[in-house]
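Reading through the structure tokens given below for one structure.
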């Protein structure tokens, strides 16, 4: 079902539109299968484990906003190309896009946030098909999906504290709702990468599949999802979102929200970013 | 403790009252043990894996409302007769009771809803003793209990999307609170039946017991529950309900609530119901 | 990192101040390591499995309030001395401090409550290092921490119903948020002690470590925590607390809050307390 051809005209268009200018910084594009019932959204940044550039976040929002209105659609798969889901935000862009307070606010609220919200707001079931590293922003995309089917070789983490920045509100809400506060704290305060077995035990993924069976299990899951009545699935998804309180929980005061960007003014963040890019070990001083 | 005799006079009465007219559509009745400290509520629909008819939902509400005022009571067990907990709502009644918008609203809010609420509102510890299929409305009853002790041969699911209808708000709130949104989505969007090991891993049951030890473990659990001070147990149960937010979370607008019954106007639901009753495979068209 | 010397001057002072008068009823004191980056808070009540006396709860609050303002601090460890985390409140004090309605209100809201709140409000990552029994008030301290690293020989429970009293609101909120309502009910209604494997499966601890590896794993965890930028960790911890809703959830009416102390007026509580102290089995009558 989730083979890559034939792509829909819309997907072809969006591939052509964005392919040229953004190729160097990765692409997100959409293919269709199962007679148009299933869309597969591909995260692709070759040689970078699909690190999510600003262009990819925007394309993710565009692709999801485009398919959201499609009444034919019954399921969406989000997956990475070439042995990774996504290794996180593309940090090589951070000097330019994620340094000053205004930049980081815009990056998390608009660039990344619009991508995540588009995934969350998709009215049909969205399955994160995870095979390989699923880290940082990649993990956040996975939490915004409805189901997470992962191969055993997958791995999971949000080690942003090691680069020197905290989790932003929307992203925190996604991780928090999926795994609870204790596990969210563990991911963030320790910055450790979890093996897939631990991710399953802690509720971060719905299903853990042996590597060689993963593609088949994804297919079987899609068949099960597509054999439910589309209206029933959309409505069940909607009512669970309403009752979950995830949207209410994010109501922060202006001051609270603004304090989430304080890190941009710390020396430690500049130091952490520099250390990440130069592959050295930062010596944080709490300044 | 949970042997079936001697039944209390109230239970005997309720058995006689309802036994005659509802026998064909299943029965719910109550027996007493442990000197009146323990009530066992039996779900019984022979040959139908205890499929829950409208009469059984009403009897469930009646039985629980009757025992709620009993100051002697220390624990309630809910269990099925004959190798099943309950296989779901009795779909054979759906053409008559669960077709039009008015019918489905009444079925979920009043018939099923009053049964579930009576279980949830029971002031003493309620244990779902699960041995066999625990599906749909049966699973929802289990989620409304305080503890779930299941045998290994038990199985769990809410495959209502395959019949063409979504989960109703109260039922969604029960499942959501117990297993979280990701697992609730998995149950509903995939419609897969979970083996007991998976139900345990995902928090749907408190305890997984080998088939041959299950009855003994249930007894031991009851003894532990009954050796706590009744006032302490009632108050602990009450404060956890207050703090859980489950009651607040269901505050939907009239329009939101009404949209939960839209499925009654879809062709897919008519098709799904017909397919279920004729044991064929529905071809949903999203209409 | 968490070796006991060299203690900070503040810790030395607080040790001297409280050591003399409270020695018989246990002590809580603080040592520093890792150049002042790591504080270890010790629960110590020799021969009593670190049962938490009123003096220890107050010292816990004092120690945490003292270190809360320390900008140098990057992590706090809470651990017990001598083969236990903490076996619960010191019940031998209950006749004097936890009998009348006014006493129990004060005990839970002020004595125990101020201790728990001080742990919860600590701005830096707090790790409960659990090796041995972690029961009642001890378990509640562990739930107020951010991470819980436990050895395999550890055990967990809240068997207060067997002594005849229910869980108080703040304590209920801590347990509820960590393990969810079903598991909180199981701990309270059954009063069973969980082995560490079950505690891990149910999300009560983050990590389960073989006894001989536990000290090393604690050290490795601290190193990981200390290699994240302090500001990032503090802010991530803070935003997850804001979004968790744990503080809103405790908003009870005066009447609801007051009803939590009704147990002080029951004969069963007097009976349960007496039975605990005389090591007999209480016969609760629901009076």
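Residue numbers (the working numbering), protein chains in the order written: chain A, 63 to 349; chain B, 63 to 349; chain C, 63 to 349.
Where is the CB? At the ideal position from N, CA and C, for every residue including glycine.
Given the structure is predicted, the values throughout are model-derived calculations rather than measurements.
Query, Result
"Inter-residue spacing [alpha-carbon to alpha-carbon] between residue 329 (chain C) and residue 194 (chain C)", "33 Å"
"Residues near residue 159 (chain C) by beta carbon distance below 7 Å, same chain, minus five either side", "116, 165, 169"
"Cut-off 8 Å between Cβ atoms - residues of its own chain near residue 325 (chain C), not counting five sequence neighbours on either side", "166, 226, 227, 228, 331"
"Under 9 Å between C-beta atoms of residue 106 (chain C) and residue 143 (chain C)", "yes"
"Cα-Cα separation between residue 145 (chain B) and residue 239 (chain B), rounded to whole angstroms", "27 Å"
"Within-9 Å CB hit, residue 169 (chain A) to chain C", "no"
"Rounded distance between the beta-carbons of residue 183 (chain C) and residue 246 (chain C), thought under 8 Å", "Between residue 183 (chain C) and residue 246 (chain C) the Cβ distance is about 22 Å, and since that is not below 8 Å, they are no contact."
"From B:242, B:113, B:280, B:157, residue whose alpha carbon lies closest to that of residue 266 (chain A)", "B:242"
"Contact with chain C by residue 237 (chain B), beta-carbon distance below 9 Å", "no"
"Exposure of residue 108 (chain C), with buried meaning 16 or more beta-carbon neighbours within 10 Å", "exposed"
"Where residue 65 (chain B) falls, given that 16 or more other Cβ within 10 Å makes a residue buried", "The predicted model places residue 65 (chain B) with a pLDDT of 40, which falls under 50 and marks its position as unreliable, so this point remains unresolved."
"Beta carbon proximity, residue 331 (chain B) to chain A, threshold 9 Å", "yes"
"Residue 102 (chain A) classed as buried or exposed, judged by whether at least 16 other C-beta atoms fall within 10 angstroms", "buried"
"Check: residue 226 (chain A) C-beta below 8 Å from any heavy atom of the ligand NAD", "Among the components of this structure there are no ligands whatsoever, and the ligand NAD is therefore not found."
"Cβ shell of residue 77 (chain C) (< 6 Å), same chain only, five flanking positions each side left out", "At residue 77 (chain C), the pLDDT of 41 sits below 50, so the modelled position is not reliable and the matter cannot be decided from this model."
"Cβ pair count under 8 Å reaching 3, the segment 252–267 of chain A against the segment 206–224 of chain A", "yes"
"Same chain, Cβ closer than 8 Å to residue 181 (chain A), five either side skipped, listed in chain order", "122, 126, 140, 188, 203, 206, 207"
"9 Å Cβ cutoff, residue 341 (chain B) in contact with chain A", "no"
"Contiguous beta strand (DSSP E) assignments of at least 3 residues, all confined to the segment 187–222 of chain C", "188–192, 195–197, 209–213, 217–219"
"Nearest to residue 252 (chain C) (by Cα), restricted to the options B:262, B:322, B:269, B:232", "B:269"
"N-terminal and C-terminal residue of the alpha helix (DSSP H) that residue 142 (chain A) is part of", "First-last for residue 142 (chain A): 137–142, but that is the beta strand (DSSP E), not the alpha helix (DSSP H)."
"Range of the contiguous beta strand (DSSP E) that encloses residue 91 (chain C)", "89–95"
"Under the three-state DSSP convention, the category residue 296 (chain A) falls into", "helix"
"Reduced DSSP secondary structure (H/G/I, E/B, other) of residue 134 (chain A)", "coil"
"Exposed unless 16 or more other CB atoms sit within 10 angstroms - verdict on residue 339 (chain C)", "exposed"
"Proximal residues of chain A, C-beta to C-beta of residue 224 (chain B) below 8 Å", "289, 290, 291"
"Residue of C:96, C:314, C:234 minimising C-alpha distance to residue 179 (chain C)", "C:234"
"9 Å Cβ cutoff, residue 245 (chain A) in contact with chain F", "Among the protein chains in the structure shown, which are A, B and C, there is no chain F."
"Exposure of residue 291 (chain C), with buried meaning 16 or more beta-carbon neighbours within 10 Å", "buried"
"Reduced DSSP category for residue 235 (chain B) - H, G, I as helix; E, B as strand; rest coil", "helix"
"Delimiting residues of the alpha helix (DSSP H) encompassing residue 101 (chain A)", "Where residue 101 (chain A) is concerned, there is no enclosing alpha helix (DSSP H), although the beta strand (DSSP E) it sits in stretches over 100–106."
"Under 7 Å by beta carbon: chain A residues contacting residue 328 (chain B)", "293"
"Of the listed residues B:301, B:323, B:278, B:112, nearest to residue 147 (chain B) (C-alpha basis)", "B:112"
"Test item: CB-CB of residue 150 (chain B) and residue 232 (chain B) under 9 Å", "no"
"Backbone CA spacing between residue 303 (chain B) and residue 288 (chain C) [nearest angstrom]", "38 Å"
"Assumed close pair residue 280 (chain B), residue 191 (chain B) - CB separation to whole angstroms, cut-off 8 Å", "5 Å"
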